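Colleague: For the sequence shown, the tail end lands on 454 under my numbering, and the numbers increase by one without skipping.
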Amino acid sequence: MDRTKFVLDEKKMPTRWYNVLADLPEPLPPVLHPATGKPVTPDDLAPLFPMELIKQEMSTERWIEIPEEVQDIYKLWRPTTLFRAHRLEKVLDTPAKIFYKYEGSSPPGSHKPNTAVAQAYYNKKEGIKRITTETGAGQWGSALSFAGACFDLEIKVYMVRISYNQKPYRRIMMEVWGGKCVPSPSSDTKAGRDMLAKDPDCPGSLGLAISEAVEDAVSRDDTHYSLGSVLNHVLLHQTINGLETKKLMEIAGAYPDIIVGCIGGGSNFAGLFLPFIRDKIDGTKPDLRIINVEPASCPTVTRGPYAYDFGDEAGLTPLLKMYTLGHGFIPPPVHAGGLRYHGMAPIICHLHKLGLVEARAEHQLATFKAGITFARTEGIISAPEPDHAIKVVIDEALKCKESGESKTILLAHSGHGHVDMAAYDAYLSGKLKDYDYPYEKIDESLKDLPSV
Ligand SMILES: *Cc1c(COP(=O)(O)O)cnc(C)c1O
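(1) Whole angstroms is fine: what's the gap from A425's alpha carbon to G285's?
(2) Got a sec? Which residues, its chain only, sit under 6 Å from I130 by beta carbon, not counting five neighbours each side?
(3) Quick one: what's W19 bridged to in DSSP?
(4) So who's on the other strand from A363, going by DSSP bridges?
(5) Run through the DSSP bridge pairs and tell me what Y310 is partnered with.
(6) To test your reading of the DSSP string, which unbroken beta strand (DSSP E) runs of 3 or more residues are found completely within the segment 361-448?
(7) DSSP three-state label for F148, please.
(8) For G244 versus S416, is the C-beta distance shorter than 9 Å?
(9) Which of the three DSSP states is assigned to P334 in this structure?
(10) I believe T82 touches K114 by the beta-carbon criterion, under 8 Å. Please report the beta-carbon distance rounded to the nearest angstrom.
(11) Comparing C-alpha positions only, which one of S384, A199, A24 and P97 sits nearest to T410?
(12) Between A361 and the rest of its own chain, which residues show a CB-CB distance below 7 Å, the 5 nearest in sequence each way excluded?
(13) Any heavy atom of ligand 1 closer than 8 Å to the Cβ of C264?
(14) For Y160, write down the residues that DSSP places opposite it in a beta bridge.
(15) Does the count of Cβ pairs from the segment 429-443 and the segment 116-124 closer than 8 Å reach three?
(16) Quick check: the segment 340-349 against the segment 54-68, are at least 3 beta-carbon pairs closer than 8 Å?
(17) Compute the Euclidean distance between the alpha carbons of V336 and S188, then round it to the nearest angstrom.
(18) Considering only residues of the same chain and omitting the five flanking positions on each side of A118, which have a CB-CB separation below 6 Å?
(19) Can you list, in chain order, the residues of its chain whose CB lies under 8 Å from that of K40, leaving out five sequence neighbours each side?
(20) Check whether the Cβ of S269 lies closer than 8 Å to any heavy atom of ligand 1, and answer yes or no.
(21) For M197 and chain B, any beta-carbon pair shorter than 9 Å?
(22) M2: buried (16+ other C-beta within 10 angstroms of its C-beta) or exposed?
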């Protein structure tokens, strides 16, 4: 049998991030100020983010140096391993070659510390003492709490209530790393109190938790806000994963025909595919297919209009051009908490609009089934989010079986599911259900799109 694991020596870890904004065939639509409707300036964003991150957000430099202090922390778990899924291939009886790059070996168990550590570093350098943020399933809150511990920063996390109740272990992880975590909606902010007055049982949403974290950050001078996905600088930091993967695929003597990943805000998958899409844009690999997978219950890219919308529920953030289900949309409580966001990274939306990437929506029962197959072959118990991508990888591998083609499929595996056992328990005991596409709720929330 061919090799199973492909590893890079620590000394070969990339020292620069890749900025796709340098190579886009058409520039990204501008981010607009919510009050004026004009493109935002760096000063508009300064109450929320350190200037170095604002520069990265707007930069069109192709390569951006990774600070040495950040590289040193990355080395606690990076470079991460590329696997060939021989055992999954065998069970599927497919001629396809399946590879996966696994981000679950980081301390918080996902790709998220790739940006959390970088963001904490730039905030610390600017003299900030405290960072607020939101979290869905809790992966981002735990990643930022870990990063806060690395740079001695206070972290306050607003966690979507449904996940806070379903996933207590993530809150405990945050507390072990020194973070503070409250369920959102909370009574700590006006946005939270307003929602609680309207609906005391509100399960919360990422959009609402963002409103709370932003409100908290702008009300204090020593505090900034941090976002775990969606924005350009977050996707930039995640490209270290794709750059490693390119080197490792070369060592494996392979290049992907299809790359598959799950998208919540789009950061883990973009981090993997952006260094590859460069080859598609410049014509070296015109046939490369990139498949974004989202939940059928929150079908942002597959069903939403491409429009300007707020990043948060209360309408405090700048306006982003993206596929959106409306900033007031509260998705059904599926277990893939990290995929329950009404919008999507503008970079991914732009690439989709240009026809450079595709998107698919999957129901959760089918994704857990795929996750169980993966666990029983490759061993890894995946988070419910990457189970969505695994479902599509298996579908594509079975198509290869039918056609007899030996395609190379690369999976972006964003993290383990060790803190998601209740979800697997619900699936295995037959208690898990699918949620239909919530047409009426989405029609309702789309009525509130801002007019620009
Ligand atoms: C947060 C998270 C996601 C979704 O976020 P993206 O920004 O789309 O990557 C996916 N998988 C895991 C394991 C996560 O923690």
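For every residue, glycine included, the Cβ atom is placed at its ideal position computed from N, Cα and C. Values in this document were obtained by computation on a predicted structure and should not be read as measured data.
Modeller: The structure says:
(1) For the purposes of this step, residue 425 is taken as residue 423 along the sequence shown, with counting starting at 1. For the purposes of this step, residue 285 is taken as residue 283 along the sequence shown, with counting starting at 1. Looking at the two C-alpha atoms, the distance is approximately 42 Å.
(2) For the purposes of this step, residue 130 is taken as residue 128 along the sequence shown, with counting starting at 1. Result list for I130: H226, in chain order.
(3) Taking the first residue of the sequence shown as 1, we reach residue 19 at position 17. Answer is I66, bridged to W19.
(4) Residue 363 sits at position 361 when you count from the first residue of the sequence shown. Answer is E296, bridged to A363.
(5) Looking up residue 310 in the sequence shown gives position 308. According to DSSP, Y310 bridges with K323.
(6) 410-415
(7) Residue 148 sits at position 146 when you count from the first residue of the sequence shown. In the structure shown, F148 sits in a helix (DSSP, three-state: H, G or I).
(8) Locating residue 244 in the sequence shown gives position 242, where the first residue counts as 1. Locating residue 416 in the sequence shown gives position 414, where the first residue counts as 1. Against a cut-off of 9 Å, the Cβ pair of S416 and G244 comes out as no contact.
(9) Your numbering for residue 334 matches position 332 in the sequence shown. Taken through DSSP and simplified to helix, strand or coil, P334 comes out as coil.
(10) In the sequence shown, residue 82 corresponds to position 80, counting from 1. In the sequence shown, residue 114 corresponds to position 112, counting from 1. Contact check for T82 and K114: beta-carbon distance about 13 Å, past the 8 Å limit, so the pair fails to qualify.
(11) Walking along the sequence shown from the start, residue 410 turns up at place 408. Ranking S384, A199, A24 and P97 by CA distance to the CA of T410 puts P97 first.
(12) The residue you call residue 361 lines up with position 359 of the sequence shown. Result list for A361: N294, E296, V303, T304 and H354, in chain order.
(13) For this step, residue 264 is matched to residue 262 along the sequence shown. Yes, the Cβ of C264 comes within 8 Å of a heavy atom of ligand 1.
(14) Within the sequence shown, the letter at position 158 stands for residue 160. Paired residue(s): E136 and V184.
(15) no
(16) no
(17) Indexing the sequence shown from 1 puts residue 336 at position 334. Indexing the sequence shown from 1 puts residue 188 at position 186. So the alpha carbons of these two residues sit roughly 21 Å apart.
(18) As a working note, residue 118 is residue 116 in the sequence shown. Closer than 6 Å at the Cβ level, and outside the excluded window around A118, lie A145, L146 and A149.
(19) Numbered from its first residue, the sequence shown carries residue 40 at position 38. Residues L34 of the same chain have their beta carbon placed closer than 8 Å to that of K40, with the five preceding and five following residues left out of the count.
(20) Your numbering for residue 269 matches position 267 in the sequence shown. Yes, Cβ of S269 sits closer than 8 Å to a heavy atom of ligand 1.
(21) Absent from the structure: chain B. Only one protein chain is present.
(22) Residue 2 lies beyond the range of the chain shown here (3 to 454); nothing can be said about it.
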